[in-house]
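What follows is a short report on a single structure.
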Amino acid sequence: MIHLGIDIGGTFTDLFAWDSDANTLGRVREAKVLTTPEDPSIGVMQAIQRAAIDAAAIGTVIHGTTIATNALIERRYPEPGLVTTRGFRDVLEIGRQRRRHLYDPYQVKPPPLIRRSRRFTVAEKLGADGSTVIPLDRDEARRVVDQIAEQGISNIAVAFINSYQDGRHEREMRELILEVIPDAQVAISSETRPKVRELGRFVTTTLRAALLPVVGDYVTRLERKLAEAGSTAPLFIVKSNGGMMSADTAKQRPEEMIGSGPAGGVAAGSYLSTLLDSPSLIVTDVGGTSFEASLLEDGVGLVADEVEIEWERPVITPMLDIRSIGAGGG
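Note that the working numbering gives residue 210 to position 210 of the sequence shown, counting from 1, and the numbers run on in steps of one.
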C-alpha cells in the first residue's frame, strides 16, 4: 500500500510517497512537476504518473494546496451575495474603522468582499441573549430571494446580527432561498463561526460562500480523476491549523483550507522536531513563488484563532502563524 502526499504550490506540484507493504516497506518515491493553474488536478495526475505509481495501489492521499488562498488573493471566485439584518448592510465595508497607516491621508482600503449591489437586508433581529426582538419578515425575505435569483447569484452568505446565540432566523432564511434556488450554495454564520462580534463572523461566512464553488469543483474533479485512474483511496486535505479533514468536509468548510499548503510544512517540522529532540525550531519553506517561515515552541506550531487576510478582513478560523513574503526560488 502506498501512502501519498501531494502539495500544490504556485510554481511546482510536489509528490512524496512511501510504501507500507512488507516486501517494499520504507520505499520512497518523489516527483516534481510544474503546477497547472488552469486545473491543478492535472499536475497531481502528472506527478503520480512521473513517480510511476499504480493508482490502484494507493492507500491514502494527503493533499496540501493553495487553491483557496490563491482564489482569495486573486479574487478568482464567483462573487457571492449577502443577506443580513436591516441596518447592517455595510458592516463588511466599514470594518472596524481603523487606519492601517495612521498618518497616511492617501491610503486606500481594499475593495469590499461583496459589492453593495449584492448585499441585501431583511427585517429581523435577535437580542444579545438570543431572544426575538423582531421576527423574520418572511414576505420581505421572499422579495430579497427573488432579487438574488434575478441577479443570477447562486452562492450566498446569510449573516444576521446576534445569530451566534441562535441561528433560527438564518436557517429559516436558508430554507426560503433553497425553495427558489434549489441548487444554491448557502453559508450561514451560525454554523460557520457562531462567535460574538459581527465583523469576523460576517467575513468568515462570506469567504465560505465565496470558496464553496471553487473548492467544491476542484476537490470533486480531483476525486473523479483519481477514481478514473483506478484509486479507491480516501482523499484528505491539509487544514490551515496543520491537521487534516476529509474531502467531503473540505467541500463544506473551504475556509479551513486557507493556508493549507504551508501548514503541511509546519506539520512536518513538528514531526522532525520530535526526531531531533529540538522543541524550538524555525521552519522555513522556500517555494518557487514565495518564502514562508514559522516558529515551533515545544515542538508545536503557534496557532492564531483570528487572522486578517487583508486589512480589516478578519477570518475566524484556527490557522498556523506563518509569515510569507513573495521571494521564492522560482
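All C-beta atoms, glycine included, are put in the ideal place defined by N, C-alpha and C.
Note that this is a predicted model, so its numbers are computed, not measured.
Exposure label - residue i; buried when at least 16 CB within 10 Å
| i | result |
| --- | --- |
| E74 | exposed |
| Y218 | buried |
| S280 | exposed |
| A250 | buried |
| T69 | buried |
| E297 | exposed |
| Q107 | exposed |
| M257 | buried |
| V145 | buried |
| D21 | exposed |
| V196 | exposed |
| N155 | buried |
| G265 | buried |
| H101 | exposed |
| Q334 | This structure leaves residue 334 out entirely; the chain is present only between 1 and 330. |
| S333 | This structure cannot settle anything about residue 333, because the visible part of the chain is limited to 1 through 330. |
| T220 | exposed |
| D14 | buried |
| S278 | exposed |
| G242 | buried |
| G269 | buried |
Identified DSSP bridge partners for residue i
| i | result |
| --- | --- |
| G64 | D7 |
| V315 | V307 |
| M244 | V238 |
| Q147 | DSSP output for Q147 lists no bridge partner at all. |
| V83 | F120, V158 |
| F291 | V286, I325 |
| I2 | D19, I58 |
| Q185 | N155 |
| E297 | V300 |
| K125 | I134 |
| L281 | L296 |
Residue i - containing beta strand (DSSP E), residue span
| i | result |
| --- | --- |
| L178 | L178 -> not in any beta strand (DSSP E); alpha helix (DSSP H) instead, spanning 168 to 180. |
| R323 | 322 to 325 |
| V108 | Unbroken run through V108: none, as it is neither H nor E. |
| A31 | 28 to 34 |
| A159 | 155 to 159 |
| L25 | Note, L25: premise wrong, no beta strand (DSSP E); not H, not E. |
| L113 | Where L113 is concerned, there is no enclosing beta strand (DSSP E), given that its DSSP letter is neither H nor E. |
| T232 | No beta strand (DSSP E) holds T232; DSSP gives it neither H nor E. |
Endpoints, alpha helix (DSSP H) assigned at residue i
| i | result |
| --- | --- |
| S190 | 189 to 192 |
| D336 | Nothing can be reported for residue 336: it is not among the residues displayed for the chain, which extend from 1 to 330. |
| A17 | Not the alpha helix (DSSP H): A17 falls in the beta strand (DSSP E), residues 12 to 19. |
| I134 | Note, I134: premise wrong, no alpha helix (DSSP H); beta strand (DSSP E) at 132 to 134. |
| A267 | 260 to 276 |
| R50 | 40 to 50 |
| L92 | 91 to 94 |
Identity of the residue in the options nearest residue i by Cα
| i | options | result |
| --- | --- | --- |
| E308 | L272, G288, E255, V300 | E255 |
| A159 | E198, I237, A250 | E198 |
| R201 | I325, G95, R174, V28 | G95 |
| P111 | G243, I325, W311, M319 | W311 |
| E170 | V180, A149, T192 | T192 |
| T232 | I177, F120, A56 | A56 |
| A209 | L72, T35, I2 | L72 |
| G167 | I188, E179, Q151 | I188 |
| L235 | D19, T132, T35, S41 | S41 |
| I331 | R224, G26, L25, V61 | Shown here, the chain extends from 1 to 330; a query on residue 331 therefore has no answer. |
| M319 | D277, Q252, M244 | M244 |
| G301 | P314, T289, V315, I282 | I282 |
| Q252 | G216, V238, S270, L272 | G216 |
| V122 | R99, I134, P105 | I134 |
Whether residue i touches residue j by CB criterion (9 Å)
| i | j | result |
| --- | --- | --- |
| E38 | I153 | no |
| L113 | L207 | yes |
| A229 | I8 | no |
| L222 | V44 | yes |
| A304 | R323 | no |
| I53 | R29 | yes |
| R118 | G81 | yes |
| A149 | E172 | no |
| S260 | S246 | no |
| A263 | F291 | no |
| M1 | G59 | yes |
| G287 | T11 | yes |
| P194 | Y164 | yes |
| A128 | T205 | no |
| I177 | T84 | no |
| F120 | Q147 | yes |
CB contact check: residue i to chain B, cutoff 9 Å
| i | result |
| --- | --- |
| I309 | Although the question refers to chain B, the structure presented lacks it and comprises just one protein chain. |
Residue i Cβ short of 8 Å to the ligand ATP heavy atom set
| i | result |
| --- | --- |
| A51 | This structure simply doesn't include the ligand ATP, nor any ligand for that matter. |
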